[in-house]
Amino acid sequence: MSSLSLIIKREFTAKVRNKSFIVMTFLSPLLVVAMGALIGYLASLNGSEKVKIAIYDPSAVLKEEFKSTDKTEYTDLSGLSLTAAKEKASVDYEGLIYVPKVDSLGQLATKVEYLSNESPNLDFVSGIEDVINEKLTKNNLKTLGFDYYKIEKAKTDASVHLSKFSGEETFKEASIIKIVIGGLSGYLIMMFVIIYGNMVMRSVIEEKTNRIIEIIISSVKPFQLMMGKIIGTSLAGILQFIIWSILGLGLFFVLSTIFNVEMGSAATATPQGAQASAEAMQGINIYLSELWKLPLLTIFISFIVYFIGGYFLYSSLYAAIGAAVDSETDSQQFLLPIIMPLMLGVYVGFFTVISDPHGTVATVFSMIPLTSPIVMLMRVPFGVPLWQLALSVAILFATFFFVVWFAAKIYRIGILMYGKKPTYKEIFKWLKY
Amino acid sequence: MEPILEVKNVVKQYGDYTALNSVSLQVPRGSIYGLLGPNGAGKTSLIRIINQITMPDSGEVFLDGEKLNPSHVSNIGYMPEERGLYKSMKVGEQALYLAQLKGLSKKEAKAQLDYWFQKLEITGWWNKKIQELSKGMAQKIQFVVTVLHQPKLLIFDEPFSGFDPVNANLIKDEILALRDKGTTIIFSTHRMESVEEMCDHIALIHQSNKLIEGPLHEVKKQYRTNTFEVGILGTNNHQITGELGQKYQVAAANFKTLDDELKLQVTLPEGTSSRQLLNDLIQKGDVTYFVEKIPSVNDIFIQTVSKK
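Protein sequences, first through last, are from chains A and B.
Oh and the first sequence: position 18 is 18 in this note's numbering, straight run, nothing missing.
Remember, this note's numbering sits 1000 above the position in the second sequence when you count from 1.
Here it is as structure tokens:
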């Protein structure tokens, strides 16, 4: 066996046998699911609380318009004096809608007040405004001689049918799926680069502090050792990703079957429940079928390609840092410039790709090699022209070769340097040795 | 006989600092070669070049008459001063891995390991992790890993540090046994007594330059001062000292004898033979002690290093 494959094998087994790897691989999908469930549960808790609102409307122009629902309960306090109503509302109610007496209805547009202890959320306020607007509009239409209900009837609700030139049908829901899948893969790449890059760095530091480095490089070239380490660790990462993909697909199938079963059983129980769950089912079905329509294979392959490219690029930098320092605590100063472009990639991804996946900013950042693995992966679900993918991958790998060459030089010198933490200036000098 | 290792005019610079200034060495086949020098003299730089860890800026190194190349990795075994093994890796796996990196097949490596583990009585350690072993135990593994691939040339940097006397002796015997089988051994050490005891050739590097090189006895001859330690049983010690002092350089000496005789250290002027001194001494009384004072490696080391 060649030295390189021996090193790869050792690094791979050392990573995979590590307890934390096993725990991470099998526990983190569970954690993700558990977190999702928890967030869903908390959100549902939040929604079930009833909000109590008081209304003070002595002239009774608006109070009939506020109708209590599951979530909000309106109580009329118009029988009290204004001060008493305010006092009572501040203690027993979330807030008070105060409709002053007005000469003409039109003045209500600016006269209604909402009093509360805490500032209300925007949705709630615009809800109140909607009620007022509707009332005033109706009134205006009436004075102008129009029949409100006829106008309502005349309104239409259009829905544009989305499809691609290639003939595939798409739904609006698909965008959400694409954002989720793209965002998830981009984020995952960042996490992978950071986690596995750190692993490479730690393994370099370990060899350095163990002093085994001198024995190893009396047998193999430092470059071989560095590459073996990077490749071996990346294989462990790819294995983890494949396991996660399989678990994810498994979960996906299980979910599909569970929802089918539930619809069947609910139908026999109550017709009303059946209808509700059928609606929910239809929603989920749309998402599931949209998920299948995504270029899953392209996403999977791009993930692997960008993972390899991005990971190699970054982890050779991590390896160089590991070689330059004596301990992990010394590495912080050098890690910052590495983390920054990764964070930038994620932010650019979340803010620009989602609003405009094929805009200039998104396209440019999906070409810059330090951010392209993240940004491009976020764009892939939206469909990226092949030439852009090819160009971006080519730039990424070209940069990768340059960076590896650069990192190898630092690595070669750094692993034999002990003692004081080098400065950027000294590291730059090593390049010339 | 052709030397096994020849270093020719090797120069190594780190930035502005010269670590090796045109150093040349010849290590004879089958010798135990002591590479001496104070801290920072350039020993480690030289050893790293021989191990191809770093490249010389100029100059050449020949192993067995061939210019040093990557295939020679399997011919050299190196134990650095700072010992190191993977702490969380099992002893057996680790030794196999390191041996395979040196070019052994897995089968050969396994056979050699079995041999050494039995010889050093450490067979039970195969599945232990290094972090579970004591420092001395780890050192034994380190030794096995160094010699496992049966290299022609072994380089030990401070081989005995970290061993208790029992294990140090064990390792010393193994090193001598390897030498008897034809392996050439380079020692880099500060422990002069082990140089005195084991080395047959030495070289001294100081401030990036080689100052001394040769067989140990030749070097000692060069540094002999024609000084003798003598013991005389005479009647008047004061008179004897005075008379000898006219012809020779005389100083008081201290060595162990049975009687309470006059103990002197006598240095002969150039061209005077020891026979003449002995003749003079016999005139003064009974000569009970007459030994040439041979410079120790320690003396040579200190003398050379402080002279510069």
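Cβ coordinates follow ideal geometry from the N, Cα and C atoms, glycine included.
If the five residues before and after L255/A are omitted, its C-beta is found closer than 6 angstroms to no C-beta atom of its own chain.
Distance between Y149/A and V348/A, taken at the CA atoms: about 48 angstroms. Under the 8 angstroms Cβ criterion, the segment 1066–1074 of chain B does not count as touching the segment 199–211 of chain A, having fewer than three qualifying pairs. Bounds of the alpha helix (DSSP H) holding G127/A are L122 to L144. When C-alpha distances from L344/A are compared across S355/A, Q333/A, L416/A and V361/A, the shortest belongs to V361/A.
The distance from the Cβ of L1063/B to that of I1004/B is about 7 angstroms, consistent with a contact at the 8 angstroms cut-off. Secondary structure of S1188/B (DSSP, three-state): strand. Secondary structure note for Y306/A: its alpha helix (DSSP H) is the uninterrupted segment L296 to A324. In summary, V1291/B is exposed, with fewer than 16 beta-carbon neighbours lying within 10 Å of its beta-carbon over all protein chains present. Using a Cβ-Cβ cut-off of 8 angstroms, V1073/B counts as an interface residue toward chain A, since at least one Cβ of chain A sits closer than that to its own.
E1108/B is outside the set of residues whose beta carbon lies under 8 angstroms from a beta carbon in chain A.
For G250/A, the number of other beta carbons within 10 angstroms of its own is below 16, and it is reported as exposed. In the pairwise beta carbon analysis, the segment 1229–1238 of chain B is classified as touching the segment 1287–1304 of chain B: at least three pairs are separated by under 8 angstroms.
Rounded to whole angstroms, the gap between the alpha carbons of I1185/B and K1043/B is 15 angstroms.
Using a Cβ-Cβ cut-off of 8 angstroms, Y1017/B does not count as an interface residue toward chain A, since no Cβ of chain A sits closer than that to its own. Membership of G1242/B in the alpha helix (DSSP H) is indicated by the continuous run N1237 to K1247. Closer than 8 angstroms to the CB of G1037/B there is not a single CB belonging to chain A. Nearest to H358/A by C-alpha distance, out of F382/A, P373/A, I374/A and M340/A, is F382/A. Neighbourhood of K429/A in chain B, by CB distance below 8 angstroms: G1015, in chain order. Exclusion of the five residues before and after V51/A leaves T72 and E94 as the residues of its chain whose Cβ lies within less than 6 angstroms of its Cβ. In the DSSP assignment, V1061/B falls within the beta strand (DSSP E) that extends over S1058 to L1063. Within its own chain, the residues whose Cβ lies closer than 8 angstroms to the Cβ of S1208/B, once the five positions on either side in sequence are excluded, are T1018, A1019, L1020, N1021, V1023, A1041 and G1042, listed in chain order.
Bounds of the beta strand (DSSP E) holding E1292/B are D1286 to E1292. When the alpha-carbon of Q1052/B is set against those of R412/A, K425/A and I181/A, the nearest one is in R412/A. Shown here, H1201/B sits in a strand according to DSSP, grouped into three states. Against chain A, the beta carbon of Y1033/B has no neighbour under 9 angstroms; the closest one sits roughly 18 angstroms away. Between the C-alpha atoms of S59/A and K135/A there is a straight-line separation of about 14 angstroms. Secondary structure in the segment 1074–1123 of chain B: the alpha helix (DSSP H) runs of 4 residues or longer, each lying completely within the stretch, are 1091–1101 and 1106–1119 in chain order. Separation of L27/A and I338/A (C-alpha to C-alpha, rounded to the nearest whole angstrom) is 28 angstroms. About 6 angstroms separates the beta carbon of F1163/B from that of Q1139/B, a gap short enough to meet the 8 angstroms contact definition. Not flagged as an interface residue toward chain B: E328/A, since no C-beta distance is shorter than 8 angstroms. For A54/A, the enclosing beta strand (DSSP E) begins and ends at V51 to Y56. In the structure shown, N1051/B adopts coil according to DSSP, grouped into three states. A distance below 8 angstroms separates the beta carbons of T75/A and I55/A. Membership of L6/A in the alpha helix (DSSP H) is indicated by the continuous run S3 to R17. Below 8 angstroms, too few C-beta pairs join the segment 1247–1254 of chain B and the segment 1191–1206 of chain B to call them touching: fewer than three.
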